[in-house]
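Below you'll find the structure, written out as structure tokens, and then a few comments.
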Amino acid sequence: MHRYCWYWRSAASLLVMALLMAVVRSEECGQEEFTKCTEPLEMLQLTTEFSIGAAKKEELDKLCHELRKGVRCIQSYTRRCMDLQQRNQFNKLYHGTNQFIRDLCNKGEFQEEYLKHAHCSEIAKKDFEVCATRYKETMFFLKPNKNQESQENSTMNENIKTICCSINELVDCSENAARKICGNEAAKFTRELVDKYADSLTKIYCEDFTRHPGICRDGEGNGVEGLRQNSLGILITALLLLLVR
């Protein structure tokens, strides 16, 4: 049975929700059409226990059949409904999710490791939930944007810092929980699982905070000067959507 979480969603869903207002040109390119494509990917949402839900090969095969249908539908949607610039931006964020599905659903080392460690999510459930609760509580303190542009930009930068640092803390906390309960191998895979799933989103927008952890610990700078304003808007729009799940 697939369990859902309010904060980990596919990069594809996040980006398109931010782009849809610019994309909609007909009923075939509207939000409803895209939502139909992403329904299978809702099954991919990670949970507070960092489990996708499929614990056996047979369950994973059924899940992957649906995921591939969703991927094909999304690819068709982007070809029909997005111009080249929008499609490139979408593919940049969607790459991590698409790669995650390929690695999870094709025979290989990652799939074997996933099935090997699937039981750990149940054993370490309470510890993972503690990590997720901390993250959730932090996200609720995101500041609303102001009306003035300068204040809005400053608030947006602060929110991105909060998001990225909270994600880093969530991954570290979960890795430590897996290590304590299930051992070093499970801990390593827990980090790999989350890193791979959120690859595009976090690497594009949170790279400064990963390379310079002092920004999170000591508040050194805002860490986002190098990002373009439209990229900031997409990240905030996307991640604030998570708070209403």
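The sequence shown runs -26 to -1, 1 to 219 under mature numbering (1 follows the signal peptide of the UniProt record, and there is no 0).
Virtual Cβ for every residue (Gly too), placed ideally from N, Cα, C.
Keep in mind it's a predicted model, so treat the numbers as computed, not measured.
Exercise for review: Determine the DSSP secondary structure at MET56, reduced to helix, strand or coil.
Suggested key: Indexing the sequence shown from 1 puts residue 56 at position 82. DSSP places MET56 in coil when its eight states are reduced to three.
Review point. Are there 16 or more other CB atoms within 10 angstroms of the CB of LEU58, so buried, or fewer, so exposed?
Key: Sequence index remark: in the sequence shown, residue 58 carries index 84 (1-based). So LEU58 ends up on the exposed side.
Review point. Secondary structure at CYS94, three-state DSSP: helix, strand or coil?
Key: Counting from 1 along the sequence shown, the entry for residue 94 is found at position 120. Three-state result, CYS94: helix.
Exercise for review: Classify GLY82 as buried or exposed, calling it buried when 16 or more other Cβ atoms lie within 10 Å of its own Cβ.
Suggested key: For the purposes of this step, residue 82 is identified with residue 108 of the sequence shown, where counting begins at 1. Exposed, because fewer than 16 other Cβ atoms sit within 10 Å of the Cβ of GLY82.
Practice item. Report yes if the CB atom of TYR88 is closer than 7 Å to the CB atom of LEU144, and no otherwise. Key: For the purposes of this step, residue 88 is taken as the residue at position 114 of the sequence shown. For the purposes of this step, residue 144 is taken as the residue at position 170 of the sequence shown. Contact: no.
Exercise for review: Please report how far the alpha carbon of PHE64 lies from the alpha carbon of ARG165, in whole angstroms.
Suggested key: Your numbering for residue 64 matches position 90 in the sequence shown. Your numbering for residue 165 matches position 191 in the sequence shown. Cα to Cα, the separation comes out at about 25 Å.
Exercise for review: Using a threshold of 7 Å, state whether the C-beta atoms of LYS36 and PRO14 are closer than that.
Suggested key: Counted from its first residue, the sequence shown places residue 36 at position 62. Counted from its first residue, the sequence shown places residue 14 at position 40. Result no, Cβ atoms of LYS36 and PRO14 do not sit closer than 7 Å.
Review point. Quick one: is LYS10 buried, meaning 16 or more other Cβ sit within 10 Å of its Cβ, or exposed?
Key: Indexing the sequence shown from 1 puts residue 10 at position 36. When all chains shown are included, LYS10 counts as exposed.
Review point. If you follow the alpha helix (DSSP H) that LYS110 is part of, which residue opens it and which one closes it?
Key: To locate residue 110, count along the sequence shown from 1; it is residue 136. Per DSSP, LYS110 belongs to the alpha helix (DSSP H) from 99 to 113.
Practice item. Kindly indicate the opening and closing residues of the alpha helix (DSSP H) around GLU7. Key: Numbered from its first residue, the sequence shown carries residue 7 at position 33. Note, GLU7: alpha helix (DSSP H), 5 to 12.
Check your understanding: Exposed or buried, HIS91, counting other C-beta atoms within 10 Å across all chains shown (16 or more means buried)?
Key -> As a first step, residue 91 is located in the sequence shown; it is residue number 117 there, counting from the start. Buried, since its Cβ has 16 or more Cβ neighbours within 10 Å.
Check your understanding: Where does GLY70 fall in DSSP's three states?
Key -> Stepping through the sequence shown from its first residue, residue 70 is reached at position 96. Helix.
Exercise for review: Could you check which residue in ILE48, THR12 and CYS147 has the C-alpha nearest to that of THR107?
Suggested key: Here residue 107 is taken as the residue at index 133 of the sequence shown, counted from 1. With distances taken between Cα atoms, THR107 lies closest to CYS147.
Exercise for review: Would you kindly work out how many angstroms separate the C-alpha atoms of ILE97 and ALA28, rounded to a whole number?
Suggested key: Working through the sequence shown from its first residue, we reach residue 97 at position 123. Working through the sequence shown from its first residue, we reach residue 28 at position 54. Spanning the two alpha carbons is a distance of roughly 15 Å.
Practice item. Within 10 angstroms of the Cβ of GLU6, are there 16 or more other Cβ atoms? Answer buried if so, exposed if not. Key: In the sequence shown, the residue the question calls residue 6 occupies position 32. So GLU6 ends up on the exposed side.
Check your understanding: Just the Cα atoms here: how many angstroms apart are VAL168 and ALA152?
Key -> Here residue 168 refers to the residue found at position 194 of the sequence shown. Here residue 152 refers to the residue found at position 178 of the sequence shown. For VAL168 and ALA152, the distance between alpha carbons rounds to 13 Å.
Exercise for review: Measure the alpha-carbon distance for LYS162 versus GLU86 and round it to whole angstroms.
Suggested key: Position 188 of the sequence shown, counting from 1, holds the residue named residue 162. Position 112 of the sequence shown, counting from 1, holds the residue named residue 86. Each residue's alpha carbon lies about 14 Å from the other.
Exercise for review: Give the straight-line distance between the Cα atoms of GLU159 and GLN60, rounded to the nearest whole angstrom.
Suggested key: For the purposes of this step, residue 159 is taken as residue 185 along the sequence shown, with counting starting at 1. For the purposes of this step, residue 60 is taken as residue 86 along the sequence shown, with counting starting at 1. Looking at the two C-alpha atoms, the distance is approximately 40 Å.
Practice item. Rounded to whole angstroms, what's the CA-CA distance from LEU78 to LYS30? Just pull it up for me. Key: Counting from 1 along the sequence shown, the entry for residue 78 is found at position 104. Counting from 1 along the sequence shown, the entry for residue 30 is found at position 56. Their Cα atoms are separated by approximately 12 Å.
Check your understanding: Taking Cβ to Cβ, would you say PHE102 is nearer than 7 Å to LYS170?
Key -> Taking the sequence shown and counting its residues from 1, the one referred to as residue 102 is at position 128. Taking the sequence shown and counting its residues from 1, the one referred to as residue 170 is at position 196. No, they are not a contact pair.
Exercise for review: Put ALA28 into one of helix, strand or coil per three-state DSSP.
Suggested key: Indexing the sequence shown from 1 puts residue 28 at position 54. Note: ALA28 maps to coil in three-state DSSP.
Practice item. Would you tell me roughly how many angstroms separate the C-alpha atoms of ILE134 and GLU111, rounded to the nearest one? Key: What you label residue 134 is simply residue 160 of the sequence shown in a count that begins at 1. What you label residue 111 is simply residue 137 of the sequence shown in a count that begins at 1. Going by the C-alpha atoms only, they are around 16 Å apart.
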